[in-house]
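Inspection log for the structure reproduced underneath, given as structure tokens.
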Amino acid sequence: MIKPLQALNQSINSSVIVELKAGREFHGVLDGFDPHMNLVLKNAEELVNKESVRKVELTVIRGDNVVYISP
């Protein structure tokens with residue numbers, strides 16, 4: 023069985039979708055993470071209610087706000 027942090031480790035430098043609370047979402051390349059599921063995404067696009075809001079070169083997402091991460 024693969025553990026969640028192992029799955030994240032395998033997704034480093036790959037595209038991921040991160041669903042956040044309140045209908046927010048980020049699509050980007052996973053650059054790093056820590057045991058609290060704080061994430062660093064590069065070349066990310068922020069979506070609110072499935073509509074693109076902005077693109078950012080680098081962003082940090084606090085683990086408390088993450089609903090799910092999909093590789």
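Numbers 23 to 93, taken from the working numbering, label the letters of the sequence shown in order. Backbone N, C-alpha and C define an ideal beta-carbon position, used for all residues, glycine too. Every value quoted in this text rests on a predicted model; they were computed, and no experiment measured them.
request  = Measure the CB-CB distance between S92 and I39 and report whether it falls below 7 Å.
outcome  = yes
*Counterpart residues of A66 in DSSP-defined beta bridges*: V78
- Going straight from the alpha carbon of V70 to that of T81, what length do you get? 16 Å
**Asked** Which residues in the same chain as N60 place their Cβ atom closer than 8 Å to its Cβ, once the five residues preceding and following it in sequence are excluded?
**Response** V82, I83, R84, G85
Candidates G45, N87, L30, of which the one nearest V51 by Cα: L30
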